[in-house]
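**Student:** Quick one: the structure is below, and I'll ask about it shortly.
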Amino acid sequence: MLSIVPLIAGGGLYETGAGGSAPKHVDQFLAEGHLRWDSLGEFLALAESLRFIGQKHSDAKLAALTAGLDAANEGYLDNNKEPGRKVGQPDNKASHFFVAQYWADALANGADAELAAKFTPVAAELKAKEATIIEELLAVEGQAQDIGGYFHPNDELAAKAMRPSATLNAIIDAI
43 MLSIVPLIAG GGLYETGAGG SAPKHVDQFL AEGHLRWDSL GEFLALAESL RFIGQKHSDA
103 KLAALTAGLD AANEGYLDNN KEPGRKVGQP DNKASHFFVA QYWADALANG ADAELAAKFT
163 PVAAELKAKE ATIIEELLAV EGQAQDIGGY FHPNDELAAK AMRPSATLNA IIDAI
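Following our numbering, the residues of the sequence shown are numbered contiguously, the last one being 217.
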């Protein structure tokens, strides 16, 4: 679910999620390392947030980033990259990989020359290393995860649990 609420003072509120399933998803993640939460709402909210800021400030770069994320969200849906429900199926971490891959590809092929130059090698590397990245993401499934707390997790432990692909991390960190 995504709610887009224009605010009286000119801002915007982009809210996602309200089904009440998050606690069960977190329990499964802690027990099995598999997060079946579908972040489509967050991906759409991010696009709307970027669109709002880009329009408010007449920022062509943000417009290009938004168009790329719109294309990534479309690719996510068209290619059925939502998380699987069970251990051993690609989960939320893989969904984020695919959105990043589709977004990089859209930027590499977009009209903004600066973004295209920056993201062409990123898109190519994500595509070339897709099998390795998915293998690394799936390798941690079936194992309990310690994130240092339920309501206030430890940032380092949570990052380690949610970013288990050294290959993907190296590509993203190099951007």
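Even glycine gets a Cβ: it sits at the ideal position worked out from N, Cα and C.
On a predicted model such as this, the values are computed, not experimentally measured, just so you know.
For Asp-120, is the classification buried or exposed, using 16 other Cβ atoms within 10 angstroms of its Cβ as the cut-off for buried?
**Tutor:** That one is exposed.
**Student:** What are the residues that DSSP puts in a beta bridge with Gly-54?
**Tutor:** DSSP, once it has assigned bridges, lists Pro-48 as partnering Gly-54.
**Student:** Under 8 angstroms, do Leu-72 and Gly-130 count as touching if we go by C-beta distance?
**Tutor:** Contact flag unset, no.
**Student:** Use the C-beta contact count for Lys-123: other C-beta atoms within 10 angstroms, 16 or more gives buried, fewer gives exposed.
**Tutor:** That one is buried.
**Student:** Cβ atoms of Leu-44 and Gly-83: under 8 angstroms apart, would you say?
**Tutor:** In contact: Gly-83 and Leu-44 (Cβ atoms closer than 8 angstroms).
**Student:** Mapping DSSP to helix, strand and coil, what is Leu-111?
**Tutor:** Residue state, collapsed to three classes: helix.
**Student:** Just verifying my parser: in three-state terms, what is the DSSP assignment at Trp-193?
**Tutor:** What sits at residue 193 in the sequence shown is Phe, not Trp. Coil.
**Student:** Which class does Ala-155 belong to by DSSP, given the choice of helix, strand or coil?
**Tutor:** Residue state, collapsed to three classes: helix.
**Student:** Beta-carbon separation of Thr-108 and Arg-93 under 8 angstroms?
**Tutor:** It is a contact, given that the beta carbons lie within the stated cut-off.
**Student:** So for Ile-95, helix, strand or coil by DSSP?
**Tutor:** Three-state result, Ile-95: helix.
**Student:** Does the Cβ-Cβ distance between Glu-57 and Glu-183 come in under 8 angstroms?
**Tutor:** No.
**Student:** Start and end of the alpha helix (DSSP H) containing Gln-143?
**Tutor:** 134-150 is the span of the alpha helix (DSSP H), which, as asked, contains Gln-143.
**Student:** Who are the Cβ neighbours of Ala-150 in its own chain at under 6 angstroms, not counting the five residues just before and after it?
**Tutor:** Closer than 6 angstroms at Cβ, skipping near neighbours: Ala-158, Phe-161, Thr-162 and Ala-165.
**Student:** CA-CA distance, Val-68 and Leu-77?
**Tutor:** Approximately 7 angstroms between the Cα atoms of the pair.
**Student:** Under a three-way DSSP split, which group does Ala-216 fall into?
**Tutor:** Looking at Ala-216 - three-state DSSP - the assignment turns out to be coil, as it is neither helix nor strand.
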